[in-house]
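In our numbering, the protein residues as written are 281 to 1111. No residue lacks a Cβ here, since even glycine has one placed at the ideal position from N, Cα and C. Please read all numbers here as calculations on a predicted model, not as lab measurements.
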RNA sequence: GCGAGGGUGGCGGAAUUGGUAGACGCGCUGGACUUAGGAUCCAGUGGCUGUGGCCGUGAGGGUUCGAAUCCCUCCCCUCGCACCA
């Protein structure tokens, strides 16, 4: 018998599958489609274990769905623009394009060696002008619709990446990619108006509740941050001006005793009264603006303010309210001004304490007494009934919100309002290796869109990476200097490129007809395949890629390209791959290289271990001995297949065996076979629990291995053995396809597992000659009995009471009652 | 603080609607084969034990004939958000 040689087996079957084009998707309106997609990789060099895990999970689903009769689309491509290419190019003296395409070749080769059932005919890289030209088109069309604009804004600047970052890309004040501390700068930037879709992005999360993990939905909901409340205008005393605030608590208006403005408040200077300390106030505001934005925006930050000398009037009480500038008020949220209610807001409370401002409680807790006393330790933000609020007193706070807002509306000083935490998406990046923004600047005509027929605006490749700070589009004379599409005069091109998250916001749609020329999509193909039925990727994109892609889908729908509202019907977020309890990293020296695994154990073992060690959504701690265990199991399968070779016939998995005489051992084996098929189907289909699916195949293999010697007395016994082995191979095939194909073909099957049908188990086969019943006395296990499956409760009860050990426990005791659960257990309850 | 998810052997993890807790695997122990075993096979493996049993799913209470599972009160861990008015 030949030894198991993964390299040989895997090479052989990969060639066969590729030759037969088994995994090439073809649109077919008569068949149900299934689109399974894993987040495409950034071509950073080599595949890492995180890739292996996510693509293996996707591959099991894809192969399973193929076998279940679906028309499957399972494509792959490259998220190919990005900063690491520039850094590597600088370091190695090459060009980002060269580096990127070399990496793609390397990684494609590795993915192929892992045996994934991918449709390589649809592969593309986002750095190809044939791809990003459509993104430039979308940019122009969104601009036409007012969904793209350019403005000077404070931006998040990463000094190490030398570019700006979107809000989603700043984590804890640090760059999401390199962890550098983000600085604030003021730059003129292009924005996409994602806030226009805030409400829909929030509302449609409800439609994803079935298919998306709750925490991803929660994170997005949190990120969008919808607040309902009111806008209220506070007239400034001695002036025609008024200050507009946003508040979620209009019910506390009678308790508003002062006003807080953001240090960036644009009309601050006009508000300052003549004379007084104008200079000092402006200087203080300036200092607050220069505070570190991260610490300024954190709860622990010291609350600092300065009195402006100006007052406004509370529209309800008519009282004067001093106007302060306060460092904790953010210009980007609401109106940049906050009515301060120290009785019911902790920040205002602390501020009031610090500067000796009046604190007035206007909401009485439902159960407690009125809080009006100077001894209070903190603000009361909870529910209750209004007090000291004029004709609104005694009203429940929720109704008071409505009533006070309505009153303000009639006064012309307020209205209902909804605010979002979500900000517009800054897509300008001061980097070279990205998709150029299709805009030219003309001295006479200003910002001009590149005409659609002139797309793509190709990224010039003739730049040197060796310049100080790397390459920039500004370095390419030929690129920068152009003519104005409006007046024909001299003009300059935009030299920023687009955020690479733009490319990944629509790639899933391009796969539906990746070779389409002359248009971004082929509408019929797009309508057939979309949405993605199963999307798989890391949780780290919960509010990055996954939010942008949802937004883009809606925007492209409104541009007339798509007929769907949501791109990903089901989402699986796989856990991380750890080593010794920690994330793998070069600095820790705990990196496991998939290349080594492939070399030492082969693709099937690598796949088997990653699937078996942990369910998909949990973290997986890599364990070398576990890998060896997986390898050992495949060796065992190989040996077993060889040993049984002469007895096995291609009878099919879960073969029907009507009228065949089977020995008892064969009937037992057959029962195990069908219950295994039942379990695997359920584990894969309902819950993607590949670890338990594998465990049940292992049980079946164990059973075959230990039973095979007992078979032979029934005429159908050889067929039963063949069927059971076929079922084991077929059941394991989605996880370890190569070895299963090989052993399957060794059984004499002419067709391949890649084209096999997933069988249905036969409920008849599960029927047992006798069933095991557990007997408890007072809930404690005391014995086991075997009864006929059709035994009635009385018979079961009798058998239980006759059981030796049970009898012993009943001696001299009085039976109160006997609970009989047919097929399961008997519980004898004593008095 | 708010939101989500967890806590089960030495380890990774199982346990459909409440019904034999610990499937499967790793590790470990003993044995067989062997020049050898880090290969393979066989047996065992939650703890304690007087071998009858007793105790065991973060802690404590409850419901039930019966609870890892349901309810209540806590504790701990991981992740996300967090001065958003």
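DSSP, reduced to helix, strand and coil, places residue 1061 within a strand of the structure shown. For residue 529, there is no enclosing alpha helix (DSSP H), as DSSP marks it with neither H nor E. In this structure the segment 594–609 lies against the segment 536–548, because at least three pairs of beta carbons, one per stretch, are closer than 8 Å. Residue burial annotation: residue 767 is exposed, with fewer than 16 other C-beta atoms found within 10 angstroms of its C-beta. Contact between the segment 778–787 and the segment 824–838 is present: three or more C-beta pairs spanning the two stretches fall below 8 Å.
In the displayed model, residue 297 falls within a helix according to three-state DSSP. Judged by beta-carbon spacing, residue 443 lies beyond the 8 Å limit of residue 468, meaning their Cβ atoms are not closer than that value.
For residue 840, the number of other beta carbons within 10 angstroms of its own is below 16, and it is reported as exposed. Counting other Cβ atoms within 10 Å of its Cβ, residue 638 stays below 16 and is therefore classed as exposed.
Taking the C-beta atoms as reference points, residue 877 is found no nearer than 8 Å to residue 1019. Residue 821 sits in a helix when the DSSP states are folded into three classes. Note that the C-beta distance between residue 320 and residue 347 is not below 8 Å. Following the DSSP letters along the chain, one finds residue 660 in no alpha helix (DSSP H), marked with neither H nor E. Counting the other Cβ atoms within 10 Å of the Cβ of residue 924 gives 16 or more, which makes it buried.
Within the same chain, and ignoring the five residues on either side of residue 1062 in sequence, the residues whose Cβ sits closer than 7 Å to its Cβ are 1055, 1056, 1085, 1086 and 1089.
In this structure, the CA atom of residue 912 is about 33 Å from the CA atom of residue 322. Counting other Cβ atoms within 10 Å of its Cβ, residue 487 stays below 16 and is therefore classed as exposed.
The residues 365, 366, 369 and 713, in chain order, have a CB closer than 6 Å to that of residue 376 in the same chain once the five nearest residues on each side in sequence are set aside. If you look at residue 905, you'll find it in the alpha helix (DSSP H) that goes 904–923.
For the pair residue 624 and residue 661, the CB atoms are nearer than the 8 Å cut-off.
Along the segment 326–358, the alpha helix (DSSP H) occurs as fully enclosed runs of 4 or more residues at 329–347, listed in sequence order.
Three or more beta-carbon pairs separated by less than 8 Å are not found between the segment 281–292 and the segment 329–349, which leaves the two stretches without contact. When C-beta atoms of the segment 893–913 are compared with those of the segment 1033–1050, fewer than three pairs fall below 8 Å, so the two segments do not count as touching.
Here DSSP, grouped into helix, strand and coil, assigns residue 770 to strand. In chain order, 326, 327 and 390 place their CB closer than 8 Å to the CB of residue 875, counting only its own chain and leaving out the 5 sequence neighbours on each side. Residue 485 is positioned such that its CB atom lies closer than 8 Å to that of residue 501. The shortest CA-to-CA distance from residue 857 to any of 885, 382, 898 and 732 is the one to 898.
With fewer than 16 neighbouring CB atoms inside 10 Å of its own CB, residue 905 falls in the exposed class. Of the other Cβ atoms in all chains shown, fewer than 16 fall within 10 Å of the Cβ of residue 300; this residue is therefore exposed.
For residue 861, same chain residues with a beta-carbon under 8 Å away, outside a window of 5 residues either side, are 901 in chain order.
In the three-state scheme derived from DSSP, where H, G and I count as helix and E and B as strand, residue 617 is classed as strand. The C-beta distance from residue 888 to residue 974 rounds to 7 Å, short enough to fall under 8 Å.
In this structure the segment 664–682 does not lie against the segment 625–637, because fewer than three pairs of beta carbons, one per stretch, are closer than 8 Å. Going by DSSP, residue 808 is part of the alpha helix (DSSP H) stretching over 803–809. Going by C-alpha positions, residue 480 is about 22 Å away from residue 819.
In this structure, residue 952 keeps its C-beta atom at 8 Å or more from the C-beta atom of residue 928.
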